[in-house]
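The structure appears below as C-alpha cells.
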Amino acid sequence: MSPYSSCQRGCVIHLPNALRLSLYVGRHVEGVSHPFRPNMKLPRPAAFLLLLLALSAVASTAHDFDFFYFVQQWPGSYCDTRQSCCYPSTGKPASDFGIHGLWPNYNDGSYPANCDPDRPYDASEMSDLMGGMQANWPTLACPSGDGSSFWSHEWRKHGTCSESLLDQRSYFQAALDLKKQVDLLKVLQDAGIRPDGGFYSLRGIAGAVREAIGYTPGIQCNVDESGNRQLHQIYLCVDAWGKELIECPVFPRSKCSSRVEFPPF
Ligand code: AMP
Numbered sequence: 001m002s003p004y005s006s007c008q009r010g011c012v013i014h015l016p017n018a019l020r021l022s023l024y025v026g027r028h029v030e031g032v033s034h035p036f037r038p039n040m041k042l043p044r045p046a047a048f049l050l051l052l053l054a055l056s057a058v059a060s061t062a063h064d065f066d067f068f069y070f071v072q073q074w075p076g077s078y079c080d081t082r083q084s085c086c087y088p089s090t091g092k093p094a095s096d097f098g099i100h101g102l103w104p105n106y107n108d109g110s111y112p113a114n115c116d117p118d119r120p121y122d123a124s125e126m127s128d129l130m131g132g133m134q135a136n137w138p139t140l141a142c143p144s145g146d147g148s149s150f151w152s153h154e155w156r157k158h159g160t161c162s163e164s165l166l167d168q169r170s171y172f173q174a175a176l177d178l179k180k181q182v183d184l185l186k187v188l189q190d191a192g193i194r195p196d197g198g199f200y201s202l203r204g205i206a207g208a209v210r211e212a213i214g215y216t217p218g219i220q221c222n223v224d225e226s227g228n229r230q231l232h233q234i235y236l237c238v239d240a241w242g243k244e245l246i247e248c249p250v251f252p253r254s255k256c257s258s259r260v261e262f263p264p265f
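Residue 232 in the UniProt record's numbering sits at position 232 of the sequence shown, with consecutive numbering throughout.
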C-alpha cells in the first residue's frame, strides 16, 4: 500500500507503528513535504518549531474525515422492496431498528471509501462482540448468512476510513454503544409513531427524534412494491471519535414524501 492512501481530500501519512503520526498534508499542515529523518540535525529554533507543528497536528487533526453518519435501518422497509430479504442464519431479528453502518463523512457531503485494502475484516478481533452484533446489526441480505459478509463489507468500505482513530474492534464497539445510546423505536413509539403499516408525517418523525435526543435526524425512504414511500433509514451525526451526537453538518439525499409508511416487521 502506498503510504499516502486516503488522498481524496488531504492525505494521511501512514508511518510504521512505532511512529504512527497522522498528519494532514495540504489541508491542516501546509507544506510538510520533507520526510522526517530521526537523526537529522536541526538548529534549535527550527527543531522546536517542527516539534510544535507535529504536536499540534497530532493533537488537533489526527483524523482524515469530519464526522460519522450513524445509520439505522427499519428491517420491515428493507424487506418490503422488490429485492426482498432473508433472515440471518441465527434467526429472525427483533422488531427494532438495526444498525446499517457508521460512515465517515466530509462536511461537504462527500465521503471516503475503501481506504485500506491491507486491513481486511478480522472476525477474531470481535469474538466477544458477536452477541451484540447479531442482535443489533443483523444482516438481511439473501442468501441467509451469519452477518460476517455484511460487517466485512461495512468495515472494508467505511471502517477502514476511520482507522486513524478507531481500530476494527473500537469501530464496531462504537456503533454498538451508539445504538444503546439512542433507542429510536422507543422515541418514535413514545410519540405515537408505530410500525403498524400506517402513514406518518415526515416532519412528525423528524420532530419526535429531535425532541427526544436534541438533534435533527436525516431520513431516507424506500419504495415498496405498491409504490408507497416507506421510512427506511434514520441518520444521526456523530463526532469523529464515534462518541457524541452532533448536529448534522449536511444531510443525506432523501426520496421521502410528506407522509411515509411505517410498515410492520
Ligand atoms: P453501503 O455500501 O455501506 O452504503 O451499504 C449498501 C449495501 O449494504 C448494499 O449492498 C445493501 O444491499 C447492503 N445492505 C443494506 N442493509 C443491509 C442489511 N440489513 N443486511 C445486509 N446487507 C445490507
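Every residue, glycine too, gets a C-beta built ideally from N, C-alpha and C.
| Item | Value |
| --- | --- |
| Using the C-alpha atoms, what's the distance from E225 back to Y87? | 19 angstroms |
| With a threshold of 16 other CB atoms inside 10 Å of the CB of R229, please say whether the residue is buried or exposed. | buried |
| Decide if S33 is buried, meaning its Cβ has at least 16 other Cβ atoms within 10 Å, or exposed. | Residue placement at S33 is poorly supported in this model, since its pLDDT is 29, which falls under 50; the coordinates still yield a value, given next. S33 is exposed by the Cβ-count criterion. |
| Would you mind stating whether V238 and E244 have Cβ atoms separated by less than 8 angstroms? | yes |
| Just to confirm before moving on: does the CB-CB distance between R259 and S201 stay below 8 angstroms? | yes |
| Excluding sequence positions up to five away, which residues of its chain have a Cβ less than 7 angstroms from the Cβ of V71? | H100, G101, W103, Q233 and Y235 |
| Between residue 268 and the rest of its own chain, which residues show a CB-CB distance below 6 angstroms, the 5 nearest in sequence each way excluded? | Here the chain comprises residues numbered 1 to 265, so residue 268 is not present and cannot be evaluated. |
| My output table needs one value for G192: the three-state DSSP class, helix, strand or coil. | coil |
| List the whole-angstrom C-beta distance separating D122 from Q83, where the pair is believed to meet the contact cut-off of C-beta under 8 angstroms. | Not confirmed; about 29 angstroms, so no contact. |
| From which residue to which residue does the beta strand (DSSP E) around G218 run? | G218 to V223 |
| Counting only the same chain and skipping the five closest in sequence on each side, list residues whose C-beta sits under 6 angstroms from that of S127. | none |
| Using only the alpha-carbon positions, how far apart do L166 and A113 sit? | 15 angstroms |
| Would you be able to state if there are at least three C-beta pairs under 8 angstroms between the stretch 144-154 and the stretch 180-197? | no |
| Who are the Cβ neighbours of Y215 in its own chain at under 8 angstroms, not counting the five residues just before and after it? | V209, L236, C237, L245, I246, E247 and C248 |
| Would you say the beta carbon of Y87 comes nearer than 7 angstroms to a heavy atom of ligand 1? | no |
| Tell me whether P117 is buried or exposed, calling it buried when 16 or more other Cβ atoms sit within 10 Å of its Cβ. | exposed |
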